[in-house]
Amino acid sequence: MTARIGVVTFPGSLDDRDAQRAVRLAGATPVPLWHGETALRGVDAVILPGGFSYGDYLRGGAIARFAPVMETLIDAAKGGLPVLGICNGFQILCESHLLPGVLTRNAHMRFRRRSQRLRVENSATAFTSHFDPGQEIVIPVKNGEGRYVADEHTLDELEGEGRVVFRYLDGNPSGALRDIAGVTNAAGNVVGLMPHPEHAVEALTGASLDGLGMFTSVIAHLGQTAAAGS
Amino acid sequence: MARVLVDVMLKPEILDPQGEAVANALPRLGVNGITSVRIGKRIELDFEGEADLEQARAVADALLANPVIETFTLRVDEGS
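From first to last, the protein sequence lines stand for chains A and B. Taking our numbering, the leading residue of the first sequence gets 264, the next gets one more, and so forth. Taking our numbering, the leading residue of the second sequence gets 10, the next gets one more, and so forth.
Structure (structure tokens):
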């Protein structure tokens, strides 16, 4: 049976369809989830896509964090369900306190859109096992509020525990502290990043095919979990 | 009706590019004596009955401000 991966649509989500497509191209079945329902439909993993949920009013992700679907998702994530937050999804994971820190306005005040080189710093998470440690990949970044911020103590803790998953190379597009592009929780099942792996899954439109690795990683992770449980 | 005013400000150590952009525009107005501009939010909460400061504080703590980067103060608007 193929893995079923949920993609949540909030009012203002933009990249939910692209995320569903990436899931399909990676070999799993995408399952649309709706922000207004608590049901997770028995999915094996969840993606919170990019966009501007609830208009990003107040702060990016601040209102989405209280959507009905998040009630069940936060508990499920704490229980080990793999959850990937991309861009606005990363902001929602931070606002939900599933990941530490917060994303703030880019230091230069501009919306930045470009193909971005990244280094995979942690290839042991549920979403990065198909990368080699230290592998350099290129996937698009596109945001106006992508500057990762946390206090020094938290940053040191993240670095010490290997929880910085992706770091910007060739210039930091947002002024993110310590060039952090993505982080994980202590268990490695929740990952958030600002760049968009779902936009780098096909030669026709992507800067590369490097994004696909995140989706095939979680499918492999789910296969291992199922095998271990049977 | 009673109104509670919530002021949300970025912590001093958090970069405020919006405030910097405004500060950088001031010389164009002929203003040169202002060394820093920081921008926050003021949020007005109107209660049906009496102002419930405790509830307002809970709302501010959970939603209106993010304690990682912001602080908030609240007060009853005596003029309301």
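Every residue, glycine too, gets a C-beta built ideally from N, C-alpha and C.
According to DSSP, is residue i part of a helix, a strand, or is it coil?
i: Arg-410(A); result: strand
i: Gln-379(A); result: strand
i: Thr-367(A); result: strand
i: Pro-295(A); result: strand
i: Lys-20(B); result: coil
i: Phe-56(B); result: strand
i: Ile-402(A); result: strand
i: Ile-326(A); result: coil
i: Leu-344(A); result: coil
i: Leu-311(A); result: strand
i: Tyr-317(A); result: helix
i: Leu-83(B); result: strand
i: Val-444(A); result: Inspection of the sequence shows that residue 444(A) is occupied by Ala rather than by Val. Strand.
i: Ser-45(B); result: coil
i: Val-286(A); result: helix
i: Ser-392(A); result: coil
i: Ile-337(A); result: helix
i: Phe-374(A); result: coil
i: Arg-267(A); result: strand
i: Val-306(A); result: coil
i: Val-464(A); result: coil
i: Ala-470(A); result: coil
i: Thr-272(A); result: strand
i: Gly-88(B); result: coil
i: Leu-456(A); result: strand
i: Leu-38(B); result: helix
i: Ala-74(B); result: coil
Comparing C-alpha positions only, which one of the options sits nearest to residue i?
i: Ala-466(A); options: Ala-285(A), Asp-279(A), Thr-272(A) and Met-264(A); result: Ala-285(A)
i: Asn-369(A); options: Glu-424(A), Ala-470(A) and Gly-438(A); result: Gly-438(A)
i: Pro-363(A); options: Lys-50(B), Met-18(B), Val-77(B) and Gly-39(B); result: Val-77(B)
i: Val-270(A); options: Leu-366(A), Arg-441(A), Val-332(A) and Asp-338(A); result: Val-332(A)
i: Ile-48(B); options: Glu-59(B), Glu-87(B), Asp-86(B) and Lys-20(B); result: Lys-20(B)
i: Asn-33(B); options: Asp-307(A), Phe-315(A), Ala-266(A) and His-371(A); result: His-371(A)
i: Thr-447(A); options: Glu-461(A), Asp-473(A) and Lys-341(A); result: Lys-341(A)
i: Ala-325(A); options: Thr-417(A), Asn-435(A) and Ser-359(A); result: Ser-359(A)
i: Arg-426(A); options: Gly-343(A), Gly-409(A), Arg-287(A) and Asn-385(A); result: Asn-385(A)
i: Gly-348(A); options: Ala-483(A), Tyr-431(A), Glu-461(A) and Tyr-317(A); result: Glu-461(A)
i: His-484(A); options: Gly-474(A), Arg-267(A) and Phe-390(A); result: Phe-390(A)
i: Ala-339(A); options: Leu-303(A), Cys-357(A) and Leu-321(A); result: Leu-303(A)
i: Tyr-431(A); options: Leu-456(A), Thr-417(A), Gly-451(A) and Phe-394(A); result: Leu-456(A)
i: Val-453(A); options: Pro-396(A), Leu-356(A) and Arg-382(A); result: Leu-356(A)
i: Glu-422(A); options: Ala-449(A), Thr-367(A) and Val-404(A); result: Ala-449(A)
i: Thr-265(A); options: Ala-289(A), Thr-272(A) and Asp-278(A); result: Ala-289(A)
i: Asp-414(A); options: Leu-24(B), Ala-30(B) and Arg-12(B); result: Leu-24(B)
i: Asp-319(A); options: Val-412(A), Glu-408(A) and Pro-458(A); result: Glu-408(A)
i: Leu-344(A); options: Leu-361(A), Arg-328(A), Val-428(A) and Asn-351(A); result: Leu-361(A)
i: Asp-16(B); options: Leu-54(B), Gly-58(B) and Leu-35(B); result: Leu-54(B)
i: Gly-313(A); options: Phe-273(A), Ser-480(A) and Leu-440(A); result: Phe-273(A)
Would a check of beta-carbon distances place residue i closer than 8 angstroms to chain B?
i: Ala-370(A); result: yes
i: Glu-422(A); result: no
i: Glu-358(A); result: yes
i: Ala-413(A); result: yes
i: Phe-329(A); result: yes
i: Gly-348(A); result: no
i: Gly-352(A); result: no
i: Gly-364(A); result: yes
Residue i versus chain A: which residues are under 9 angstroms apart at the beta carbon?
i: Pro-26(B); result: Thr-367, Arg-368, Asn-369, Ala-370, His-371, Met-372, Arg-410 and Gly-438
Residues of chain B with a CB under 7 angstroms from the CB of residue i: which are they?
i: Arg-322(A); result: Asn-75
Kindly indicate if chain A contains any beta-carbon less than 8 angstroms away from that of residue i.
i: Leu-72(B); result: yes
i: Ile-78(B); result: yes
i: Ala-60(B); result: no
i: Ile-43(B); result: no
By the criterion of Cβ-Cβ separation under 7 angstroms, what are the contact partners of residue i in chain A?
i: Ala-67(B); result: The contacting residues do not exist; Ala-67(B) stays about 13 angstroms from chain A at best.
Just the chain A side, please: which residues come within less than 8 angstroms of residue i by C-beta, in chain order?
i: Ile-48(B); result: Per Cβ cutoff of 8 angstroms: no residues; Ile-48(B) is ~10 angstroms from chain A at best.
i: Ala-30(B); result: Met-372
Output, in chain order, the set of chain B residues within a Cβ distance shorter than 9 angstroms of residue i.
i: Ala-325(A); result: Leu-72, Leu-73 and Asn-75
Less than 7 angstroms separating the Cβ of residue i from some heavy atom of the ligand MG?
i: Arg-51(B); result: No copy of the ligand MG appears in this structure; indeed no ligand is present at all.
Compare the C-beta of residue i with all C-beta atoms of chain C and state if any pair is closer than 8 angstroms.
i: His-484(A); result: Among the protein chains of the structure shown, namely A and B, there is no chain C.
Output, in sequence order along the chain, the residues in the stretch 427-460 of chain A whose CB is closer than 7 angstroms to any CB in chain B. Along the stretch 427-460 of chain A, none of the residues has a CB nearer than 7 angstroms to a CB of chain B.
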